[in-house]
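*Asks:*
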Amino acid sequence: MLQIENTLFTIVMLLYFAAMILYFTFIAVKRDGIARIAVILQAAGFALHTVALICRGIGAGRLPLTNQYEFATCFAWGLCLVSLIFVLKFRFPVLGVFAAPVIFLIIGYAAMQSKEVHELMPALRSNWLGFHVSTAIIAYGAFGVSFVLSIIFLLRDRMREKGFLDQHIPNREKLDVISYRSVSLGLLFLTFTIITGAIWAERAWGSYWSWDPKETWSLVTWIIYAIYLHLRIRRGWEGRAAAIFAVVGFICVMFTYIGVNTFLPGVHSYA
Amino acid sequence: MSTGKKIWKFISSMRFAIALLVVLAIACSVGSLVTQGQTYAWYAQRYSERTAALIVALHLDDAFHSWWFLVINAFLCVNLLLCNVLRLPQLVRRSQAEADPQRALQVEGTVSAEGIADPAPAFARLRMPKPVSTATTDGKPALFSSKNRIGLWGAWVCHLGILLLILGFGLGQMTQHQYTVYGVPGQSRPIGDTELVLNIDDFRIGLREDDTVEQYTADITVYNVSGSGESSRSATISVNHPATLYSMKFYQNSTGWAAKAKVTENGEPLQEEIVCAGEHFAIQDKPDLVVALSAFYPDYVMVPGVGPSTATGQLNNPAYLYTVYYQGEFLGMNALMEGEELTIDEYTVTFSDPQSYTLIQIKEDHFTWLALVGGLVTMLGLFLAFYLQPTKVWAIQAEGGTWTVFGQNRKGGALFREQFAKATQDPTGRSASDASD
Ligand code: HEM
């Protein structure tokens, strides 16, 4: 099973790479047909990615959500899922153009991690872990999409030329609403992640919140997105300031995910 | 406006909320970047004397329990409370207005479409509940439908949840008691300053085939020895499966090594102690003489450049690292192998029977439930705010028999306008005129 997963993982990476190149080509040659193929490739990659994760789950005999490799590949999967939904729901292939390199970077990061399957230490053997990490994946995926949308939003303001891109990128107002949708999805799931994590910590360590760096940074992330929501409501502020906070929010997400493990050891550092 | 009123207004404003949230985010990140709970000397060595002085002066060494962290949170609570209290009447009025067709019929709506022959499909396509028939004040037939009115309450419920969460956490922090007890099976230990005594009945380490640990399990009995008579309760606890006894929660937290220490005086048995690694004991006849079991190595090896270490977790070659103090002064330190003796004047110390001890964490927090309720209410509020967007759609019949359809959804913005335009398109292909704002 793990062998199959390994092979599939390589194919998935290639598919994501091909999708990314096609997305870029779509922008370069300005033909809608190419974007359609890119979306299909991305969807095919996503389907195989799902199969690969299932294989790993069967091979390891548990949910594949417990070490840095597993979480990275799931993170890429979550971002791919949410971005596909948004691309299709809002007929917005340019989102794919910007999301594809981020997905590729994250799966590339996964490829650099050790793929060994380890047995779990007792504290990690909890059903809450499953809820905790799977909700985190959706949250991170949604924040990734809002990050991409906000970048597009900020770039759009600087674009002078009217033309191909202009037709393919929704106007400011619509971009803002779509970005709001992805932030709200992310924030709802991040809240779920934090609560299930707290319940689990309470059962495993006897303290539901202990200001461990990873906990603290997920709270910082959560606060940043709360600020985003309030900035959006204030009239005249919506748009730019909120978009900047959505970008900062995703930087916090990445720091919580990678930086904390690297620089600030705590209970979560066994991941 | 008077200054007092201005301050009041500011404290309950959203601008203040945003400022507080920014400050809170900065405070949290600083608290996580500065290693917490170290001494002045530690910071001085890590950074510089000056930085260390600053860290200690600003309580950055214990940021999350500092007075300024408390102040930020207190302000946030006041802000949230005021904001929710002040907005309550307005929200009640708004949610009543949302349900009232007559109110809707008098306004324009954020979007509208004219010349619709049959409005029913538009209601259906916008997934609105079946419209009610009514009439405008000047007698024109009208249809009205509204949904997700409860969504108006999303932000309010979310704010309430956060308030409860902070309150539950804060009260818990102020009133909770935590104790740790460790020992080997058969030992009884008092639980802090309570009237409870914990007896460790058994402790097991479950191993997998590859020798990794699957589970730590302890059987415990707690005796209540308060004046009103004795009682006891037992439970089995393991990692992730705590138990509650006498309103305290018992957690199997971790484990380590313990050994039996035997002391003889001139060959005569003097005392026997169970010592956990890290613990020390005084010689009975000579309390100034203290022996510590500083560390235990189940499979002792001496690694050049590293020092004493253990090759595996198995009891293949046990070694005991001891330290001796006399009147608080360090006398010596060395490793003893199984069977070897340590002799100090007329006393001889031997270590034997290594076994695992269990460390049990005990906690009493009567407000955990409040924090949990707060968290769940926050989730509910977010769900209401994001996924139940209040929407109204209504239609008024014009003189000629055709209808004008109106719609309103505050949050949907551009997306709602698109949906509305699509839903009100004539099925014959002719697009209805879109009189959106
Ligand atoms: C940790 C703190 C806070 C969080 C997580 C939070 C969260 C939220 C959320 C999720 C919304 C709904 C946003 C939307 O529907 O797009 C919201 C709206 C709002 N918040 Fe907060 N909030 C916080 C603090 C505050 C405070 C202290 C105030 C005090 C003034 C405040 C004032 C408002 C207002 C006026 C709205 C708009 C309500 C509406 O549209 O019906 N918030 N907040």
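Top line first, the protein sequences correspond to chains E and U.
Just so it is clear: in the first sequence, position 72 is 72 by the working numbering, and no numbers are missing.
One gets the working numbering by counting positions in the second sequence from 1 and adding 271 to each.
Glycine included, C-beta positions come from ideal geometry on N, C-alpha and C.
None of these values were measured; they are calculated from a predicted model.
#1: If you measure between the beta carbons of U:GLY454 and U:ILE476, is that distance less than 7 Å?
#2: Tell me the DSSP bridge mates of U:LYS533?
#3: Does the distance from the CB of E:ALA243 to the CB of E:PHE153 come in under 7 Å?
#4: Taking 7 Å as the CB-CB limit, is U:ILE289 close to chain A?
#5: Determine the DSSP secondary structure at U:TRP427, reduced to helix, strand or coil.
#6: Answer with buried or exposed for U:PHE281, where buried requires no fewer than 16 other C-beta atoms within 10 angstroms of its C-beta.
#7: Tell me the residue span of the beta strand (DSSP E) that contains U:TYR596.
#8: Give the secondary structure of E:PHE46 by DSSP, where H, G and I count as helix, E and B as strand, and everything else as coil.
#9: Interface residues of chain U around E:THR193 at Cβ under 7 Å?
#10: The alpha helix (DSSP H) that contains U:PRO402, what's its start and end?
#11: Look up E:ALA38 in the DSSP assignment and say whether it is helix, strand or coil.
#12: Closest to U:ILE491 by C-alpha separation, out of U:ALA590, U:VAL534, U:SER459, U:ASN587, would be which residue?
#13: Are the Cβ atoms of U:VAL572 and U:VAL620 separated by less than 7 Å?
#14: Which first and last residues belong to the beta strand (DSSP E) in which U:VAL468 is found?
#15: Residues of chain E with CB under 7 Å from U:GLU485, in chain order?
#16: When the distance is taken between beta carbons, is U:ALA529 closer than 7 Å to U:GLN626?
#17: In chain U, which residues lie less than 8 Å from E:TRP77 when you measure between Cβ atoms?
#18: Taking the alpha-carbon positions, what's the U:THR446 to U:THR639 distance?
#19: List the residues that DSSP assigns as beta-bridge partners of U:SER502.
#20: Below 8 Å, how does it come out for the segment 187 to 197 of chain E and the segment 131 to 151 of chain E: are there three or more Cβ pairs, yes or no?
#21: Give, in chain order, every residue of the segment 494 to 528 of chain U whose Cβ lies closer than 8 Å to some Cβ of chain E.
#22: Expressed to the nearest angstrom, what Euclidean distance is found between the alpha-carbon atoms of U:GLN598 and U:LEU560?
#23: Please name the residue, chosen from U:LEU467, U:LEU686, U:SER525, that lies closest to U:GLY498 on a Cα-to-Cα basis.
#24: If you count every other CB in all the chains shown that lies within 10 Å of the CB of E:ILE251, and 16 or more means buried, which is it?
#25: List the whole-angstrom C-beta distance separating U:GLY527 from U:CYS547, where the pair is believed to meet the contact cut-off of C-beta under 8 Å.
#26: Output yes if chain U places a C-beta closer than 7 Å to the C-beta of E:ALA226; else output no.
#27: According to DSSP, simplified to helix, strand and coil, what is U:ALA324?
#28: Using C-beta distances below 7 Å, list every residue in its chain close to U:THR699, excluding the 5 sequence neighbours before and after it, in chain order.
#29: Quick check on this structure: which residue in U:PRO513, U:GLY441, U:TYR591 has the alpha carbon closest to the alpha carbon of U:GLU612?
#30: Report the CB separation of U:PRO400 from U:LYS418 in whole angstroms; it is logged as a contact under 8 Å.
#31: Are the beta-carbon atoms of E:GLY144 and E:VAL102 separated by less than 7 Å?
#32: Measuring only the C-alpha atoms, how far is U:ILE278 from U:ALA290?
#33: Determine whether the Cβ of E:PRO64 lies closer than 7 Å to any Cβ atom of chain U.
#34: On the DSSP bridge list, what partners appear for U:PHE677?
#35: Mind listing the chain E neighbours of U:THR649? Cutoff is C-beta to C-beta under 7 Å, in chain order.
#36: Taking C-beta to C-beta, are U:LYS634 and U:GLN449 nearer than 7 Å?
*Replies:* Answer, in terms of the structure:
#1: no
#2: U:GLU543, U:THR621
#3: yes
#4: The chain inventory of the structure shown lacks chain A, comprising the protein chains E and U.
#5: helix
#6: exposed
#7: 590 to 597
#8: helix
#9: The premise fails here: E:THR193 is roughly 11 Å from chain U at the closest Cβ pair, so nothing lies under 7 Å.
#10: Taken as a continuous stretch (DSSP letters only), U:PRO402 belongs to no alpha helix (DSSP H), as it is neither H nor E.
#11: helix
#12: U:SER459
#13: no
#14: 467 to 478
#15: PRO122
#16: yes
#17: Simply none; closest approach about 23 Å.
#18: 11 Å
#19: U:ASN495
#20: yes
#21: SER509, VAL510, ASN511, HIS512, PRO513, LYS520, TYR522, ASN524
#22: 7 Å
#23: U:LEU467
#24: exposed
#25: 6 Å
#26: yes
#27: helix
#28: Note that U:THR699 scores 48 on pLDDT, short of 50, meaning its location in the model is unreliable; the coordinates nonetheless yield the value given after this. Within the same chain, U:THR699 has no close Cβ partners at all.
#29: U:TYR591
#30: 6 Å
#31: yes
#32: 15 Å
#33: no
#34: U:SER383, U:TRP665
#35: THR191
#36: yes
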